[in-house]
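Working notes, structure below.
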DNA sequence: GCAAATTAATGATTTATTCAAG
DNA sequence: CTTGAATAAATCATTAATTTGC
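Residue numbers (the UniProt record's numbering), protein chains in the order written: chain H, 1 to 122; chain G, 1 to 122.
In structure tokens:
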């Protein structure tokens, strides 16, 4: 009755759980972008609570994280620039910093207020 | 008998027609998963032929579509994983580098390039 | 058959994160 | 370090399916 076709899915690679990623991100963003052996052991211990993980995987994770961040940095958001999307929540805080930036203000003008049309129901 | 008494129906949301959904699906599956403002306008124009719809709704549709597709994949993945995860109980006492477990397929040179822990980083 | 009650889908809001500029 | 712009994730809310009792 069940699927007799169980693919021999050998866990070839670690598949992090959401919780684990949250932990890793937290650590990463707290400044530890390049943990040493001891630190990796400690991190691994925390992650183990949510699933099996090897030290190497933890190490790789940090390597990849940093690498990708950089790459994205390089790649820029050309894509984003050219294809705007809609509706953003304006989180502008009242910062009193002398916003002298009257210079090159690149206003993209997204559809901040496209709220919205009369849904003529059937 | 008409409806002199308009129902206090708070048309809260758009109710897409079948044709409209077909169009949206087609566009989505053609690769445009995150249309920008201009594209949304264009898409909306097409949809209007079959019923009233706002730009915001179009935007929301794509957002939700992508988001939920992702979520589904995650759920499936998780399900799959839990099916096969019974893992070795790595109780190896001593420090061990023997990562004989099934997890990471890194064997010989696990963390070769792990730079030694920086002494008292911060 | 039908309508109230319950559940599943999904449109609309809100919140948190990301990246880059200043 | 702060802030602006845009997104994606999480959440809320309402509508459509469906189940159930009559």
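A virtual CB, placed ideally from N, CA and C, is assigned to each residue, including glycine. The model shown is predicted, which means the values in this text are computed figures rather than measured ones.
Inset, instruction - Could you pull out every residue in the same chain whose Cβ sits closer than 7 angstroms to the Cβ of residue 46/H, ignoring the five residues on either side in sequence? - result: 23
Inset, instruction - Report the rounded CA-to-CA distance for residue 27/H versus residue 35/G, giving the unit in angstroms. - result: 34 angstroms
Legend entry - DSSP-derived helix/strand/coil call for residue 58/H: helix
Legend entry - Coarse secondary structure for residue 74/G, derived from DSSP in three states: helix
Legend entry - Helix, strand or coil at residue 34/H [DSSP, three-state]: coil
Inset, instruction - Taking residue 29/H as part of the alpha helix (DSSP H), name the residues at either end of that continuous run. - result: 18-29
Legend entry - Chain-order list of residues whose beta-carbon lies under 6 angstroms from that of residue 126/H (same chain, five-residue window excluded): This structure leaves residue 126/H out entirely; chain H is present only between 1 and 122.
Inset, instruction - Figure out for me which residue from 65/H, 55/H, 19/H, 20/H has the closest Cα to the Cα of residue 31/H. - result: 65/H
Legend entry - CB contact flag (residue 50/H, residue 69/H, <8 angstroms): no
Legend entry - Secondary structure of residue 13/G, DSSP reduced to three states: coil
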